[in-house]
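Worksheet: the structure to be examined is printed underneath.
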Amino acid sequence: MAQRKLTKRLGELLIDHGVITEAQLDTVLQRQRQEGGRLGAVLVQMGMLTELELLGFVAEQLVIPLLDLNKTEIKPQAVKLLSEVYARRYRALVIDADDTQATVVLADPADLDTQDAISNLLAPREVHLAVAPHSQMLALYDQLYRRTDDIANLAGQLSEEHAPSRSVIETAGLEDSDATVARLLNSLFEDALQVGASDIHIEPDHKVIRLRMRVDGLLQETELKEVAIAPALVSRLKLMAGLDISERRLPQDGRFELTIRNNPVDVRMATMPVQYGEAVVLRLLDQSGGTRTLAQAGMPAELLAAFRRKLASPNGIILVTGPTGSGKTTTLYGALSELNTPDRKIITAEDPVEYRLPRVNQVQVNSKVGLTFARILRTSLRQDPDVLLIGEMRDQETAEIAMRGALTGHLVLSTLHTNDAPSSAVRLMDMGVPGYLVASTLKAVLAQRLVRKICEYCKVPHQPDEGERQFLMHLNPQAEHGRFYRGEGCASCNHTGYKGRIGVFEWLEVNQAMADALRRQQIEAFEAEVARQPGFATLAQAALEQALQGTIAVSEVLRLSEWVE
């Protein structure tokens, strides 16, 4: 061990240097005896000093560096020298190493037992210590200890087990005893949850299987060379979802539930026959956190107040629009959570039902038996509802029934696939819905997108080029004097510069002048009234506002503007 060890106990050193008093140490030790835990953690918990103050003191005494891991280069090959089990047990992380030495970050380098254990595990390398906040280490474990190696090893093992014939491969995974397939899929789901993926794509190609995970809206790809195991994976997934394993020529969809690391996860599965087998997409819905509230959606305070005001209306239609994956369903479930009180009857028609809500009558669309959106709606209107939620207005019949329901005293919430809020009314009329029905029932439209947030740990100032600056000034003249930022990339964001997503919203309330234009089916007059509405901001303008606040990068504003245009 290259660094010296503490010659006194931590508590004694803190007293010697005037950080705490003897009376305070006695109080901390009594608390430690009652509740357990490390002395440093108890000191921080009791507010006698912060985690950084404690670590700074320990680093000074041991003459080791105090690191900010989010700004420190971490070598993936070095990380693997210490297994995840030992890393979490000893609260350690190897950030650099060669054949003769290794740099190890510890959350508690004053613990002599931990020092000895790490030295033994990394022998014969000479260990150099550093210290960093445990909270940073916890955040990095899931990113650094990916399951990609486990997945590749299990794929190779499965390929060897069933190498003799393709016919065996096609039936692999059909018995519960086939543990390799189960372990491979379990590792795949664990890896997806660790990185916060919303979808898993399994795509067989000519010579590889492509495993792609959608993280923060963008796909990350891994390749497996064992292409022959694809039928085994698909068959096991089909069994889990209750699908027909013998049908490979037609698309199928289903769902199943599983528990990963004590978190209940709802998985929606869709298969599609492709050139080299069947492609599978798995959408992951983590049920452990429940449905998100409107307050968690990231809406500006004024917009949230306006949305809630419209939700309090006894009748009318409120639409949430945007492309697939823009968070429409999350917003609608947040609205239902606020409306879900004992004095309201709520019925939903969904395809599929994504989250289960207590007290809400949720109906799953099943076109095979004739249970369509329109049929559910007609039946729902005879069930004395106060609020109706329609998963999507897909056709004229569904839209007209929903609007007649709104006319007869029901509040109707639904989604529509349009680029922005004003085009929603136009889309309804393009479906064949009479203008007078749209004008009489449509109360408000919320268009939304999800954009990537700048990583807070590697945020740096950004100077837009001349073309970007001119475009931003076109959206808002105040952009000329605004300060913009971008992410350089660091360990915390997996060197992408982005971490997490936030909603961008466009809110349109239909006033009398707009309704009159719709009633006359005068689209240009309707759009002119929208443009004259005070305070109306387009999606691109709303995104620019987020960029001016330093939340998102200019590149995200430009990307969203391309979607809208």
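Plus 1412 on top of the position in the sequence shown (first one is 1) and you've got my numbering. The beta-carbon is built from N, C-alpha and C at its ideal position, and this holds for glycine as well.
Sequence-distant residues of the same chain with beta carbon closer than 6 Å to residue i, five excluded per side
i	result
Glu1424	none
Glu1921	Ala1856
Leu1630	none
Ile1612	Ala1604, Met1625, Leu1694
Residue i versus residue j: straight-line alpha-carbon distance, rounded
i	j	result
Ile1432	Pro1873	40 Å
Arg1558	Pro1676	20 Å
Lys1865	Ala1903	16 Å
Gln1446	Thr1439	11 Å
Arg1895	Arg1881	11 Å
Gln1958	Asp1877	19 Å
Gly1899	Ala1937	43 Å
Leu1455	Gln1444	9 Å
Glu1638	Asn1598	18 Å
Gly1782	Ser1792	15 Å
Glu1918	Val1607	30 Å
Ala1747	Ala1709	10 Å
Thr1810	His1886	39 Å
Ala1609	Arg1695	9 Å
Arg1578	Ala1514	For Arg1578, the pLDDT reaches just 41, beneath the cut-off of 50, and the residue's location in the model is therefore unreliable, leaving the point undetermined.
Thr1733	Leu1828	5 Å
Thr1583	Gln1457	In this predicted model, Thr1583 has a pLDDT of only 40, less than 50, meaning its place in the structure is not dependable; the value taken from the coordinates is given anyway. Whole-angstrom Cα-Cα distance: 55 Å.
Glu1982	Gly1962	Here the chain has residues from 1413 to 1977 only, and residue 1982 is not among them.
Ala1499	Ala1955	40 Å
Cys1870	Val1646	40 Å
Tyr1553	Arg1944	52 Å
Lys1492	Ser1531	15 Å
Val1497	Ala1604	19 Å
Gly2007	Leu1566	With the chain represented from 1413 up to 1977, any question about residue 2007 goes unanswered, as that position is not in the structure.
Asp1763	Glu1750	22 Å
Glu1804	Glu1812	13 Å
Leu1723	Leu1716	10 Å
Pro1576	Leu1570	Since pLDDT at Pro1576 reaches only 47, below the 50 mark, its modelled position is unreliable, and no value is offered.
Pro1545	Val1620	41 Å
Leu1556	Ile1788	47 Å
Gly1909	Glu1968	12 Å
Leu1426	Leu1461	11 Å
Asn1923	Thr1950	17 Å
Ala1564	Pro1488	17 Å
Phe1906	Pro1477	Residue identity check: residue 1906 is Asn in the sequence provided, not Phe. The straight-line gap from Cα to Cα measures roughly 23 Å.
Short Cβ contact (7 Å threshold) for residue i with residue j
i	j	result
Ala1818	Ile1802	no
Gly1844	Asn1727	no
Ser1826	Leu1731	yes
Ala1642	Pro1663	no
Gln1776	Thr1760	no
Asp1678	Leu1649	no
Ile1729	Val1824	yes
Val1916	Arg1839	no
Ala1653	Met1681	yes
Ile1614	Val1686	no
Arg1667	Glu1690	no
His1436	Leu1481	Residue 1436 is actually Gln in this sequence, not His. In this structure, Leu1481 does not lie closer than 7 Å to Gln1436 by Cβ.
Ala1490	Ala1509	yes
Counterpart residues of residue i in DSSP-defined beta bridges
i	result
Ser1599	Beta-bridge pairing links Ser1599 to no other residue.
Gly1915	Leu1862
Ser1571	According to DSSP, which records beta bridges pairwise, Ser1571 is partnered with nothing at all.
Lys1487	DSSP lists no partner for Lys1487.
Glu1690	Pro1685
Gly1962	Paired residue(s): none; Gly1962 is not in a bridge.
Val1772	DSSP, once it has assigned bridges, lists no residue as partnering Val1772.
Arg1667	Arg1680
Leu1623	Ile1614, Thr1634
Glu1921	Ala1856
Close beta carbons around residue i, own chain, < 7 Å, minus the five adjacent residues each side
i	result
Met1841	Gly1847, Val1850, Gln1933
Asp1807	Met1843
Ile1672	Phe1601, Glu1602, Leu1605
Leu1451	Leu1422, Gly1423, Val1440, Gln1444
Own chain residues within Cβ distance below 8 Å of residue i, not counting five before or after
i	result
Arg1756	Asp1798, Val1799
Thr1526	Tyr1502, Arg1503, Ala1504, Leu1518, Asp1520
Ser1516	A small fix is needed here, since residue 1516 is Val in this sequence, not Ser. Hits under 8 Å: Leu1494, Ala1504, Leu1505, Val1506, Ile1507, Ile1530, Leu1534, Val1539, His1540, Leu1541, Ala1542.
Tyr1745	Thr1703, Arg1704, Glu1766, Tyr1767, Leu1769
Gln1795	Lys1757, Ile1759, Asn1773
Phe1883	Leu1970, Ser1973
* **Three or more C-beta pairs below 8 Å linking the segment 1917-1930 and the segment 1848-1857** => Yes: the two stretches touch, three or more of their Cβ pairs being nearer than 8 Å.
* Can you find at least 3 beta carbon pairs, one from the segment 1461-1468 and one from the segment 1531-1538, that sit closer than 8 Å? -> no
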